[in-house]
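Taking it in order: structure first as structure tokens, then the write-up.
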Amino acid sequence: SAVISQKPSRDICQRGTSLTIQCQVDSQVTMMFWYRQQPGQSLTLIATANQGSEATYESGFVIDKFPISRPNLTFSTLTVSNMSPEDSSIYLCSVLAPGGGADTQYFGPGTRLTVL
Amino acid sequence: GEDVEQSLFLSVREGDSSVINCTYTDSSSTYLYWYKQEPGAGLQLLTYIFSNMDMKQDQRLTVLLNKKDKHLSLRIADTQTGDSAIYFCAETIGGGGNKLTFGTGTQLKVEL
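Line order of the protein sequences matches chains B and D.
Mapping of the first sequence onto my numbering: residues 1 to 116, in sequence order.
Mapping of the second sequence onto my numbering: residues 1001 to 1112, in sequence order.
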């Protein structure tokens, strides 16, 4: 398994500003992922962040809006740029780690973002 | 396309069994997972099952997979108030845990 922390745990931001969310894992992992969970909804994958290469974005998400950094095997950041109230969500990072015979995704506690 | 459906809400009495159901459409799923999300928290991995299995038991949890009907269920025995949460099933296609597709989530409420 893996222990994952995220900062900040929550934030309230003004429209038009940007917020960078940090994700730290306690072991080296190849693959990290960023998800968005809109209020009352399920999780949607934003992008896959691999160390040493550009992030791979899912349909509907673009690098200009959600730039991602992955400087090493234990850390990643997601920036939510030029925020609007529609960006109010929980943002979760996850990592792919061994667990009981299969690589599985373990999730951080999430960052609860409210945009006014 | 990939679509994972769950019923939205389930209410049970403490001590009873809970059964949370999930249907998926992609027959090439390799692993199927159950995650638990408590209020204000992230997702906790509960268990997973490989697609060539039809049952997996882990303490109070039993996972049943009917691959023909593309139906997955999670049974929680002796449900406790601490089990109240939202439960998500998720599937992956291909090897390992890449690109999870999550279900809509089932909110389980355990009543005294």
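Ideal placement from N, C-alpha and C gives every residue a C-beta, glycine not left out.
If you draw a straight line from the Cα of Leu73 (chain B) to the Cα of Gln28 (chain B), it is about 5 angstroms long. Met31 (chain B) and Glu1014 (chain D) have their C-alpha atoms spaced approximately 39 angstroms apart. No alpha helix (DSSP H) of 4 residues or more sits fully in the segment 29–59 of chain B. Below 8 angstroms, enough C-beta pairs join the segment 1076–1090 of chain D and the segment 1025–1042 of chain D to call them touching: three or more.
For the segment 1040–1058 of chain D, the set of residues with a beta-carbon nearer than 8 angstroms to any beta-carbon of chain B comprises Gly1040, Ala1041, Gly1042, Leu1043, Gln1044, Leu1045, Tyr1048, Phe1050, in chain order. Here the C-alpha atom of Ala1077 (chain D) lies approximately 31 angstroms from the C-alpha atom of Leu45 (chain B). Across the segment 32–45 of chain B, CB contacts with chain D closer than 7 angstroms involve Ser42, Leu43, Leu45, in sequence order along the chain.
DSSP places Lys1109 (chain D) inside the beta strand (DSSP E), whose first and last residues are 1106–1111.
Taken through DSSP and simplified to helix, strand or coil, Glu1038 (chain D) comes out as coil. The beta carbon of Tyr1087 (chain D) sits no closer than 8 angstroms to any beta carbon of chain B. Rounded to whole angstroms, Lys7 (chain B) and Thr79 (chain B) show a C-alpha spacing of 12 angstroms. Leu1065 (chain D) has its alpha-carbon roughly 8 angstroms from the corresponding atom of Ser1051 (chain D). Shown in chain order are the members of the segment 104–115 of chain B whose Cβ falls below 7 angstroms from a Cβ of chain D: Thr104, Gln105, Tyr106, Phe107, Gly108, Pro109, Gly110.
Around the CB of Arg70 (chain B), 16 or more other CB atoms lie within 10 Å, so the residue is classed as buried. In the structure shown, the three-state DSSP call for Glu1014 (chain D) is coil. Residue contact check for Asn1066 (chain D) against chain B: no CB pair falls below 8 angstroms.
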